[in-house]
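Input: a single structure, listed below in structure tokens.
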Amino acid sequence: MQTEPAFAVTDRARLLAELKERIAVPVASGAPVLRFGIEAIDTRLAHGGLDGGGLHEVAAASPTLGDDAAATLFVAGAAAGFAAEPGAAVAWALTRFDLYAPGLEQSGLSPSKLLYCEGQDEVMALALAEDCLRDGSFAAVVAEVKSADQTATRRLQLAAADGRTPMLLLRRWARKARDPLEVPSAACTRWRIGCAPSVPLAHPGVGRSCWSLDLVRQRGGNPFSLIVEACDAQGRLALPATAPDRAAAAAGAARRAA
Numbered sequence: 006m007q008t009e010p011a012f013a014v015t016d017r018a019r020l021l022a023e024l025k026e027r028i029a030v031p032v033a034s035g036a037p038v039l040r041f042g043i044e045a046i047d048t049r050l051a052h053g054g055l056d057g058g059g060l061h062e063v064a065a066a067s068p069t070l071g072d073d074a075a076a077t078l079f080v081a082g083a084a085a086g087f088a089a090e091p092g093a094a095v096a097w098a099l100t101r102f103d104l105y106a107p108g109l110e111q112s113g114l115s116p117s118k119l120l121y122c123e124g125q126d127e128v129m130a131l132a133l134a135e136d137c138l139r140d141g142s143f144a145a146v147v148a149e150v151k152s153a154d155q156t157a158t159r160r161l162q163l164a165a166a167d168g169r170t171p172m173l174l175l176r177r178w179a180r181k182a183r184d185p186l187e188v189p190s191a192a193c194t195r196w197r198i199g200c201a202p203s204v205p206l207a208h209p210g211v212g213r214s215c216w217s218l219d220l221v222r223q224r225g226g227n228p229f230s231l232i233v234e235a236c237d238a239q240g241r242l243a244l245p246a247t248a249p250d251r252a253a254a255a256a257g258a259a260r261r262a263a
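Positions 6 to 263 (our numbering) are the ones given, in order, by the sequence shown.
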């Protein structure tokens with residue numbers, strides 16, 4: 006029986022290893038990347054931030070109003086980051102106009118930058134989002150739906166890459182028993198956002214809101230979890246102060262009060 010030459014086997018193994026290495030490295034779309042400005046987040050993302058030519062999914066950690074609001078404001082902050090340049094606009098596709106504009110503005114997304122696209126149903130809302138992506142004139146496109154199968158997310162991903170425009174898909178809870186992120190998706194990143202206890206202040210008052218931020222899945226990278234402070238008026242997140250920093254701040258406040 007004729008055996009295959011050893012050098013042919015070696016070449017095949019080397020070629021296979023090279024192909025595996027190429028597949029393991031995520032390919033960026035070439036669009037601008039949104040960096041959060043937080044090392045603990047940016048260094049863990051495959052491209053150093055959110056790929057501006059990809060689909061990114063966000064869902065609330067639970068079907069509660071608080072977590073739903075946190076997820077919505079996280080999306081608004083990300084959209085505001087992509088639309089930071091003067092004159093940049095964001096398209097927001099939905100089926101029911103129930104957004105609170107002042108709340109979005111507190112997360113950095115001004116009403117003057119928003120164009121709302123209201124569809125009769127979720128299929129139309131996704132179609133509107135896809136058209137906005139392929140148009141290429143928006144800084145970011147947002148859509149909120151309860152259902153989007155893998156075919157729909159694949160279309161959004163391709164449209165985002167073609168239009169070099171980030172797609173932020175806000176997945177609402179349809180049923181309490183089913184996590185929206187259980188459904189397979191073609192998204193580059195998938196996030197779960199929930200409310201977390203605020204950092205105690207050195208004086209009576211309400212502190213900055215905090216969120217639990219879970220990157221459930223990303224292409225070319227590992228999942229991770231963090232507690233962050235909610236978006237400010239520029240859409241920027243922050244890390245809560247460490248315990249020693251809080252103690253020092255409290256001691257300084259006590260000395261000033263004395």
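Note that the Cβ used here is the ideal one computed from N, Cα and C, for glycine as well.
- Out of 19, 170 and 135, the CA that lies nearest to the CA of residue 39 is found in 170.
- The alpha carbon of residue 197 has as its nearest neighbour, out of 93, 131, 205 and 223, the alpha carbon of 223.
- Secondary structure of residue 90 (DSSP, three-state): coil.
- DSSP places residue 159 within a helical segment (H, G or I) once states are collapsed to three.
- Ranked by Cα distance from residue 141, the options 165, 121 and 184 are led by 165.
- Non-local C-beta neighbours of residue 87 in its own chain, meaning closer than 6 Å and more than five positions away in sequence, comprise 39, 144, 145 and 171, ordered along the chain.
- For residue 223, the enclosing beta strand (DSSP E) starts and ends at 215-223.
- By the CB criterion at 7 Å, residue 72 and residue 65 fall inside the cutoff.
- Here residue 48 carries a coil assignment [DSSP, helix/strand/coil].
- Straight across, the Cα-Cα distance linking residue 242 with residue 152 is about 28 Å.
- Residue 240 counts as buried, since no fewer than 16 other beta carbons sit within 10 angstroms of its beta carbon.
- Along the segment 62-143, the beta strand (DSSP E) occurs as fully enclosed runs of 3 or more residues at 95-99 and 119-123, listed in sequence order.
- Separation of residue 17 and residue 226 (C-alpha to C-alpha, rounded to the nearest whole angstrom) is 27 Å.
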